[in-house]
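Engineer: Handing you a structure now.
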Amino acid sequence: MLLVEETTNLKQGEHVGSPLPVSMEPQEIEGTEDRTATVAAANAYALAFVLPALVALVAAYALIWGWSALGDGFNALIYPFWRFLLIFVAGIVVHEALHGIAWRLTAAPKGTISFGFQVKTLTPYAHCSAALPARAYRIGAATPGVMLGLVPALVGLGFEMGATFWFGTFFTLAAGGDALILWLLRGVPSDHLVKDHPSLPGCLLLPVGTERAA
Ligand SMILES: [Zn+2]
């Protein structure tokens, strides 16, 4: 499962606070390997993953364009605040949609992508029920962070577009959980089949030799 600021279906709150990685669901296939994170761990690690990138981006902007330009850009993004809220909500919806679109364009069969929103933690998510090659899963995981995060941040940085820069910086932060999932998948061969976890950030590695159902 991929989400903005991770989570979902914290059933019985069972995984909160446990060290990463963890979790086993009853429907898991014999021989699968868990590559999921707990929600709590995902949040903490996500921040650790993207914070250095954010500091570097902000410092670069300030050095190139000046601190006041940095501040002006921030104000241009968040005021008027109602507009910022609209942008924020739209960005989150687009973030999740991009996960689904990227999976669909790479390997996910029709009808296997779903979207949802966990009210309890105010967390939207995208989920793919089909087994995917790790390569496709990674592309799906990375696409929102690149397209909504890094690209606008770098465009804003390059052209002194402060609001665009801050938008990209914010949505880079929002992709921290996705960065963690990519990290959990490091070393997995690109053709290895994985299955997005239905309720936790991350996925399961299917046993070698598993056939892909169409
Ligand atoms: Zn995401």
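Each step along the sequence shown adds one to the number in this note's numbering, with nothing skipped, and position 139 is 1574.
Using N, Cα and C, we set each Cβ at its ideal position, and we do this for glycine too.
#1: Do A1588 and T1558 have their CB atoms nearer than 8 angstroms?
#2: Using only CA atoms, which one of L1583, D1507, R1621 and D1631 lies nearest to C1563?
#3: Quick check: the segment 1568-1584 against the segment 1527-1547, are there 3 or more CB pairs under 8 angstroms?
#4: So is I1499 buried or exposed if we call it buried at 16+ other beta carbons inside 10 Å?
#5: Can you determine whether any heavy atom of ligand 1 sits closer than 7 angstroms to the C-beta of D1631, and answer yes or no?
#6: Please find out if some non-hydrogen atom of ligand 1 comes closer than 7 angstroms to the beta-carbon of G1612.
#7: When every heavy atom of ligand 1 is checked, does at least one fall within less than 7 angstroms of the C-beta of H1562?
#8: Is there a Cβ of chain D sitting closer than 8 angstroms to that of T1558, yes or no?
#9: Check each candidate in D1469, L1520, E1468 and Y1480 and name the one with the smallest Cα separation from A1610.
#10: Would the C-beta of H1627 count as close to ligand 2, meaning under 7 angstroms from any of its heavy atoms?
#11: Suppose you measure from the CA of E1468 to the CA of P1642; what does that come to, to the nearest Å?
#12: Identify the residues that DSSP records as bridge partners of P1515: which are they?
#13: Alpha carbon to alpha carbon, how far is V1485 from W1538?
#14: Which residue or residues does DSSP assign as beta-bridge partners of P1559?
#15: Within 8 angstroms, do at least three Cβ pairs link the segment 1468-1477 to the segment 1618-1631?
#16: Do L1583 and ligand 1 come close, with the Cβ less than 7 angstroms from some heavy atom?
#17: Taking G1466 as part of the alpha helix (DSSP H), name the residues at either end of that continuous run.
Structural biologist: On the basis of the data shown:
#1: Cβ distance not < 8 angstroms, so A1588 and T1558 don't count as in contact.
#2: Comparing Cα positions, the closest option is D1631.
#3: yes
#4: exposed
#5: no
#6: yes
#7: no
#8: No chain D is part of this structure, which consists of one protein chain only.
#9: Y1480
#10: Of the ligands this structure carries, namely ligand 1, none is ligand 2.
#11: 8 angstroms
#12: Listed as beta-bridge partners of P1515 by DSSP are no residues whatsoever.
#13: 23 angstroms
#14: F1552
#15: yes
#16: no
#17: Run containing G1466: none; DSSP gives neither H nor E here.
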